[in-house]
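*Asks:* Chains as they are written, first to last, in this note's numbering: chain Z, 1 to 137; chain U, 1 to 170. From the three backbone atoms N, C-alpha and C, an ideal C-beta is built for every residue, glycine too. Dumping the structure here so I can ask a few things about it.
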Amino acid sequence: MAYSEKVIDHYENPRNVGSLDKKDPKVGTGIVGAPACGDVMKLQIKVEDGVIVDAKFKTYGCGSAIASSSLVTEWVKGMAVDEATKIQNKQIAEELSLPPVKIHCSVLAEDAIKAAIEDYQRKQQAEASAAEEATGS
Amino acid sequence: MDDPFAILGLPRSADLGRADVDRAYFAALEAAHPDKVAGGDEAARRRAELAAARINEAYRALRTPVGRLETLCRLGGIDLDSSDPKRGAPMPDTAFLTEMIERREAIEAARRAGAGALEDLRDAVEDEADEAVAQARRALAGGDVAAAARALVRRRYLARLLDEIEEAMS
Ligand code: FES
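Shown next as structure tokens:
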């Protein structure tokens with residue numbers, strides 16, 4: 001199958017490959033998988049003052065999945081968390097010119113960023129309620 | 001939806017062996033052979049060709065043990081090739097997916113460790129994949145399609161992991 005130039009570029013020079021400390025309260029981790037093909041993706045964000053200051057990923061899957069996650073990490077850096085929740089697989093697929101059979105690979109990247117944000121928000125809530133308890137209110 | 005078991009005249013069972021499937025396949029092909037059914041006219045010949053194509057497709061689905069189990073799940077209402085949240089492949093839990101990521105990372109470490117480390121990893125993953133298949137078979141025998149589908153999804157992830165280990169070995 002012919003991959004678009006952008007897919008090949010991200011595949012050969014993936015941006016932001018790596019890990020962040022998943023115990024850091026500022027870090028949200030999203031881990032998702034595509035059951036039909038067995039590919040897995042981990043995407044992490046680091047948030048400061050409501051803005052995503054860093055993003056990393058590790059994807060074990062096809063070229064389109066690697067490119068999708070690489071692209072998403074590039075996009076979200078510097079983005080407000082609220083804004084990042086709006087990212088949709090359609091935008092990813094369009095940017096990378098993915099053919100219909102590879103759409104599920106971009107869905108994986110959308111799911112991963114959503115899961116990372118949810119994880120971050122869960123941690124923030126847990127911290128907030130812990131702080132509340134500590135002050136006895 | 002086509003039932004490959006019915007097309008080959010087999011019972012819907014997880015306990016069939018390759019020999020049963022082969023035998024049913026050749027018998028079905030022979031019964032559908034154009035020389036037997038066609039009275040020489042064009043329409044009959046086309047029907048025979050169509051029947052043969054369906055038989056071949058059914059055989060492809062049922063040839064392997066995993067194929068038979070996945071087909072039984074599909075007939076039971078869960079299609080592992082679909083990502084539909086209700087009728088498609090069930091999503092494994094995060095703990096399992098995390099493990100899949102961590103074990104990918106272990107491939108690198110094993111490669112550096114050398115001396116059979118990759119082989120050990122491969123053997124372990126192969127055993128787990130086999131165990132997942134056995135679990136699926138037991139679940140189906142007990143009529144639990146959902147549990148069988150979960151085990152078969154795990155097997156798919158393990159099979160992909162196995163591909164990557166084998167790639168690292170070559
Ligand atoms: S084929 Fe599995 S994510 Fe692309």
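Under 7 Å, CB to any heavy atom of the ligand FES. Which residues pass, going along the chain?
*Replies:* The answer, residue by residue, is Z:Ala34, Z:Cys37, Z:Asp39, Z:Gly61, Z:Cys62, Z:Ser64, Z:Ala65, Z:Lys102, Z:His104, Z:Cys105, Z:Leu108.
*Asks:* So which residues on chain Z does threonine 64 of chain U lean against when the C-beta distance must stay under 8 Å?
*Replies:* Per Cβ cutoff of 8 Å: no residues; threonine 64 of chain U is ~16 Å from chain Z at best.
*Asks:* Between alanine 14 of chain U and alanine 141 of chain U, is the Cβ-Cβ spacing less than 8 Å?
*Replies:* In contact: alanine 14 of chain U and alanine 141 of chain U (Cβ atoms closer than 8 Å).
*Asks:* Below 7 Å between beta carbons is the criterion; list the residues of the stretch 19-31 of chain Z that meet it against any residue of chain U, in chain order.
*Replies:* Hits within the stretch, in order: Ile31.
*Asks:* Verify the CB distance criterion: does glutamate 131 of chain U have a CB-CB separation below 8 Å to chain Z?
*Replies:* Not one chain Z Cβ lies under 8 Å of glutamate 131 of chain U.
*Asks:* Just the Cα atoms here: how many angstroms apart are aspartate 119 of chain Z and threonine 29 of chain Z?
*Replies:* Looking at the two C-alpha atoms, the distance is approximately 6 Å.
*Asks:* So what does methionine 27 of chain Z bridge to, in DSSP terms?
*Replies:* Reading off the sequence, residue 27 of chain Z comes out as valine, not methionine. Z:Lys46.
*Asks:* Could you run through the stretch 83-101 of chain U and flag, in chain order, every residue whose CB is less than 9 Å away from some CB of chain Z?
*Replies:* Within the stretch 83-101 of chain U, the residues whose Cβ lies closer than 9 Å to some Cβ of chain Z are Ser83, Gly88, Ala89, Pro90, Met91, Pro92, Thr94, Phe96, Leu97, Thr98, Met100, Ile101, listed in chain order.
*Asks:* Does the pairing of the stretch 46-53 of chain U with the stretch 89-102 of chain U give three or more beta-carbon distances under 8 Å?
*Replies:* No contact exists between the stretch 46-53 of chain U and the stretch 89-102 of chain U.
*Asks:* Could you give the DSSP three-state label for glycine 63 of chain Z: helix, strand or coil?
*Replies:* Glycine 63 of chain Z falls in the helix class under three-state DSSP.
*Asks:* I need the straight-line Cα distance from leucine 8 of chain U to serine 170 of chain U, nearest angstrom please.
*Replies:* Using only the alpha carbons, I get a separation of about 39 Å.
*Asks:* Ignoring anything shorter than 3 residues or poking outside the stretch 89-152 of chain U, list the beta strand (DSSP E) runs there in chain order.
*Replies:* DSSP runs (the beta strand (DSSP E)) wholly in the stretch 89-152 of chain U: none.
*Asks:* Please state whether DSSP places lysine 56 of chain Z in a helix, a strand or coil.
*Replies:* In the structure shown, lysine 56 of chain Z sits in a strand (DSSP, three-state: E or B).
*Asks:* Can you tell me whether arginine 68 of chain U is buried or exposed? The criterion is at least 16 other CB atoms within 10 Å of its CB, across all chains shown.
*Replies:* Buried.
*Asks:* Which same chain residues, not among the five before or five after glycine 77 of chain U, have their C-beta less than 7 Å away from its C-beta?
*Replies:* Result list for glycine 77 of chain U: Arg87, Val145, in chain order.
*Asks:* For alanine 36 of chain Z versus leucine 80 of chain U, is the C-beta distance shorter than 8 Å?
*Replies:* Their beta carbons are under 8 Å apart, which means alanine 36 of chain Z touches leucine 80 of chain U by this criterion.
*Asks:* Name the DSSP bridge partner or partners of alanine 34 of chain Z?
*Replies:* For alanine 34 of chain Z, which the question treats as bridged, DSSP gives the partners Z:Asp39.
*Asks:* Between aspartate 155 of chain Z and chain U, is the shortest Cβ-Cβ distance under 8 Å, so that the two count as touching?
*Replies:* Because chain Z is modelled from 1 through 137, residue 155 of chain Z falls outside the range shown and cannot be assessed.
*Asks:* Grouping DSSP H, G and I as helix and E and B as strand, with all else coil, what is aspartate 79 of chain U?
*Replies:* Here aspartate 79 of chain U sits in strand by DSSP.
*Asks:* Which residue's Cα is closest to the Cα of arginine 155 of chain U: U:Ala89, U:Ala61, U:Asp84, U:Gly143?
*Replies:* When only C-alpha atoms are compared, the closest one is U:Ala89.
*Asks:* Any heavy atom of the ligand HEM within a distance shorter than 7 Å of the CB on glutamate 95 of chain Z?
*Replies:* Summarising the ligand content, the structure contains the ligand FES and does not contain the ligand HEM.
*Asks:* Per DSSP, what are the beta-bridge partners of valine 17 of chain Z in this structure?
*Replies:* The partner list for valine 17 of chain Z (beta bridge, DSSP) reads Z:Phe57.
*Asks:* Just to confirm the assignment, what range does the alpha helix (DSSP H) spanning isoleucine 87 of chain Z have?
*Replies:* Run containing isoleucine 87 of chain Z: none; DSSP gives neither H nor E here.
*Asks:* Determine the direct distance from the alpha carbon of valine 133 of chain U to that of valine 66 of chain U, and round the result to whole angstroms.
*Replies:* Going by the C-alpha atoms only, they are around 7 Å apart.
*Asks:* Can you pull the chain Z residues whose beta carbon is under 7 Å from the beta carbon of glutamate 108 of chain U, in chain order?
*Replies:* Residues of chain Z passing the Cβ test: none, with the nearest at roughly 11 Å.
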